[in-house]
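Undergrad: Take this structure first; my questions come after.
Protein chains: 2
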Amino acid sequence: MLTEERHSFILNQLKENHIVKSQALMNELQCSESTIRRDLSELESKGLLTRIHGGARSTYQLEEELSVSEKSSKNIQEKQAIAKLAASLVKENDVIYIDAGTTTLAMINFLTAKNITVVTNGVAHASLLADKEIQAFLLGGRVKYSTKAVIGTDSLRDLKSYQFNKAFLGTNGIHLEYGYTTPDPDEAALKKTAITQSAMAYMLADDSKWEKVTFSKVGDIEEATIITNRTDRSLTNYQEKTTILEAEQ
Amino acid sequence: MLTEERHSFILNQLKENHIVKSQALMNELQCSESTIRRDLSELESKGLLTRIHGGARSTYQLEEELSVSEKSSKNIQEKQAIAKLAASLVKENDVIYIDAGTTTLAMINFLTAKNITVVTNGVAHASLLADKEIQAFLLGGRVKYSTKAVIGTDSLRDLKSYQFNKAFLGTNGIHLEYGYTTPDPDEAALKKTAITQSAMAYMLADDSKWEKVTFSKVGDIEEATIITNRTDRSLTNYQEKTTILEAEQ
DNA sequence: CAAAAACAGTCATAATCAATCATAAAAAGC
DNA sequence: GCTTTTTATGATTGATTATGACTGTTTTTG
């Protein structure tokens, strides 16, 4: 039984039952307590489950927000890995912007730096930040139905009154020539402003976003550091223009 | 049976029945009295329930967060009745303000009027409105941990730029002499402004809020119409000052 | 008021934990 | 080829946590 096999077995069990017990896993996977413990602890560090006394339970956050088609285990793992790397860049006393979106939402669970201030336009993000008792400011404005992002002129004006050390953004397309793009012009305007208001901008994008172009331009490749998952794709062309951080899966 | 499993079982029971008995839990979960007692006391310290002699009842806050689709308990029915009456006052094309807070959250599920616009300072409210595809605007500002309400100077400024047909507010105290009061001065300031920005103001308050006074004054009795559940209390003194709508339980 | 039930607190036992070590298989280097 | 390094695993240790039984006290009930 390979490590990978056990891991995917555990994740599948969690998908069905919401909870797994170490004892049961020992029997089903025919391995020692130590091995199960190591498996659970590895999966926890990737944000794929939460350990509890006697086993583990699923980390609901991401699964709940993602649409059915996005719920593949591979997709979640990629997002968690990217989110973890992004969160590790946040240091004590930072004032950061976190854009609405699922990958950035996953970041919040990995935030450990003390005394940080977060500004966001994500309604779900604000809620999770409050749960974690992290100081949060929400932009005001119209709430978009599908993504629960706050957008519009009010939010843009609010955003312009803040200055950030770092901004963490999502995007729907990355293209060498057309830069970062996203379908909604309102969201694009917000992202663009966030980049200008921030000393450093990070674009979080999993494998599927590369070489894609959508409707509204956010900015050029060189305007942000890209955080992505490790891929076979050659990124040399992009690396000439900007820094790319690759998350281990 | 893992600790976590018992805990979620207990919370689920509470969601449905509003009350649980230690003896019943002992049988259903097949464990000792000591264990149940420890479980209840842990969950209480997390604020997820309130212990009572012989078991536990749900905390008010949790009750409302979950009351969205639940109905069984009598206590919940009272609050739902108030929320339902309040929602019935909202008519087509209205532009309304819905205050953050547990009582007003229940209102949203009863909203049926077409083409309404809702402004709110409740993060949970904004999320629920988006789910129902009701046009919603969120005030910008700091997110309060405990209630997930947006408060502070930014939200106050945002609020002043809107005008409403109707405003629906919660309060922690109603008193003939001291008027409407709430513990947090920031929230009080918002409520006060909402009243002035609105043609009609409604104060939602269940039986337990009467004759109570808390720290910050929102306004005098005559500044809002009160929506409450039917009670034995004599309200004659109040009815001389303002309109009181009583919800049938 | 008295009996019964529920309570908080303590204790010993059992299960689970983190941490370390030794072994064996796989991978890398020479 | 053989050795060295890396990786995965299971066994062992003492520490931590969870549990049920037991004590005497408080609350509820008839």
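Note that the protein sequences, when read in sequence, are chains A and B.
Everything in the first sequence is counted per numbering that gives the first Met the number 0, starting at 0 for the first residue and increasing by one.
Everything in the second sequence is counted per numbering that gives the first Met the number 0, starting at 0 for the first residue and increasing by one.
By construction, the Cβ of each residue, glycine as well, lies at the ideal position given by its N, Cα and C atoms.
#1: Residue 196 of chain B and residue 237 of chain B: beta carbons closer than 8 Å?
#2: In whole angstroms, give me the CA-to-CA distance for residue 50 of chain B and residue 153 of chain B.
#3: Which chain A residues sit within Cβ distance under 8 Å of residue 123 of chain B?
#4: Between residue 221 of chain B and the rest of its own chain, which residues show a CB-CB distance below 6 Å, the 5 nearest in sequence each way excluded?
#5: Run the proximity test for residue 134 of chain A: is its beta-carbon closer than 7 Å to any non-hydrogen atom belonging to the ligand NAD?
#6: Please report the residue range of the beta strand (DSSP E) in which residue 175 of chain A lies.
#7: Can you tell me whether residue 1 of chain A is buried or exposed, with buried defined as 16 or more other CB within 10 angstroms of its CB?
#8: Out of curiosity, what's the CA-to-CA distance linking residue 137 of chain A and residue 150 of chain A?
#9: Just checking: is the beta-carbon of residue 175 of chain A within a distance shorter than 8 Å of some beta-carbon in chain B?
#10: For the stretch 87-149 of chain B, list the alpha helix (DSSP H) runs that are entirely contained and at least 4 residues long, ordered along the chain.
#11: Whole angstroms is fine: what's the gap from residue 54 of chain B's alpha carbon to residue 4 of chain A's?
#12: Who are the Cβ neighbours of residue 209 of chain A in its own chain at under 7 Å, not counting the five residues just before and after it?
#13: For the stretch 39-67 of chain A, which segments carrying the beta strand (DSSP E) assignment without a break, of at least 3 residues, lie completely within its bounds, in sequence order?
#14: DSSP on residue 232 of chain A, reduced to helix/strand/coil?
#15: Expressed to the nearest angstrom, what Euclidean distance is found between the alpha-carbon atoms of residue 87 of chain A and residue 130 of chain A?
#16: Please state whether DSSP places residue 210 of chain A in a helix, a strand or coil.
#17: Residues in its own chain within less than 7 Å of residue 189 of chain B by CB, not counting five upstream and five downstream?
#18: Below 8 Å between beta carbons is the criterion; list the residues of the stretch 22-38 of chain B that meet it against any residue of chain A, in chain order.
#19: Can you pull the DSSP bridge partners for residue 169 of chain A?
#20: Beta carbons nearer than 7 Å to chain A: which residues of the stretch 90-112 of chain B have them?
#21: Buried or exposed, going by whether 16 or more other CB atoms sit within 10 Å of the CB of residue 124 of chain A?
#22: In the DSSP assignment, find the beta strand (DSSP E) that holds residue 215 of chain A and state where it starts and stops.
#23: Does the stretch 109-118 of chain A come close enough to the stretch 102-122 of chain B to have 3 or more Cβ pairs within less than 8 Å?
#24: Can you tell me whether residue 59 of chain A is buried or exposed, with buried defined as 16 or more other CB within 10 angstroms of its CB?
#25: Can you tell me where the alpha helix (DSSP H) holding residue 27 of chain A begins and where it ends?
#26: Short of 6 Å in beta carbon distance, which residues of its chain neighbour residue 198 of chain B, apart from the five on each side in sequence? Order them along the chain.
#27: Since residue 132 of chain A meets chain B, which of its residues come closer than 7 Å, beta carbon to beta carbon?
#28: Does DSSP put residue 3 of chain A in a helix, in a strand, or in coil?
#29: Which bits of chain A does residue 141 of chain B rub up against, with CB to CB less than 9 Å?
#30: Counting only the same chain and skipping the five closest in sequence on each side, list residues whose C-beta sits under 8 Å from that of residue 139 of chain A.
#31: Are the CB atoms of residue 226 of chain B and residue 104 of chain B nearer to each other than 8 Å?
#32: Please confirm whether residue 68 of chain B has its beta-carbon closer than 8 Å to some beta-carbon of chain A.
#33: Interface residues of chain B around residue 166 of chain A at Cβ under 7 Å?
#34: Residues of the stretch 56-86 of chain A in Cβ contact with chain B at a cutoff of 7 Å, in chain order, please.
TA: In this structure, then:
#1: no
#2: 39 Å
#3: 126
#4: Correct list, in chain order: 240, 241.
#5: Summarising the ligand content, the structure contains no ligands, and the ligand NAD is consequently not present.
#6: From DSSP, residue 175 of chain A is part of no beta strand (DSSP E); its letter is neither H nor E.
#7: exposed
#8: 11 Å
#9: no
#10: 101-107, 122-130
#11: 44 Å
#12: 173, 232
#13: 48-51, 54-57
#14: Coil at residue 232 of chain A, not helix or strand.
#15: A direct Cα-Cα distance of roughly 20 Å separates residue 87 of chain A from residue 130 of chain A.
#16: Of the three classes helix, strand and coil, the one that applies to residue 210 of chain A here is coil, per DSSP.
#17: 120, 150, 154, 155, 158
#18: The stretch 22-38 of chain B vs chain A, Cβ under 8 Å: nothing.
#19: Within the DSSP secondary-structure output, residue 169 of chain A pairs in a beta bridge with A:203.
#20: Against chain A - using a Cβ distance shorter than 7 Å - the stretch 90-112 of chain B contributes no residues.
#21: Buried: at least 16 other Cβ atoms inside 10 Å.
#22: 215-218
#23: no
#24: Answer is exposed; the Cβ neighbour count stays below 16.
#25: 21-28
#26: 164, listed in sequence order.
#27: 144
#28: Three-state DSSP puts residue 3 of chain A in a helix.
#29: The CB of residue 141 of chain B comes closer than 9 Å to the CB of 134, 135, 136, 137 in chain A, given here in chain order.
#30: Around residue 139 of chain A, the same chain offers 149, 153, 154, 157 as residues with beta carbons nearer than 8 Å, after the five sequence neighbours per side are excluded.
#31: Taking 8 Å as the Cβ cut-off, residue 226 of chain B and residue 104 of chain B do not qualify as a contacting pair.
#32: Because residue 68 of chain B sits at a pLDDT of 36, beneath the cut-off of 50, its placement in the model cannot be relied upon, and the following sentence gives the value as read from the coordinates. No, residue 68 of chain B does not count as interfacial toward chain A.
#33: Within 7 Å Cβ-Cβ: nothing; residue 166 of chain A doesn't reach chain B, min ~17 Å.
#34: Identification of residues in the stretch 56-86 of chain A having a C-beta nearer than 7 Å to some C-beta of chain B yields 56, given in sequence order.
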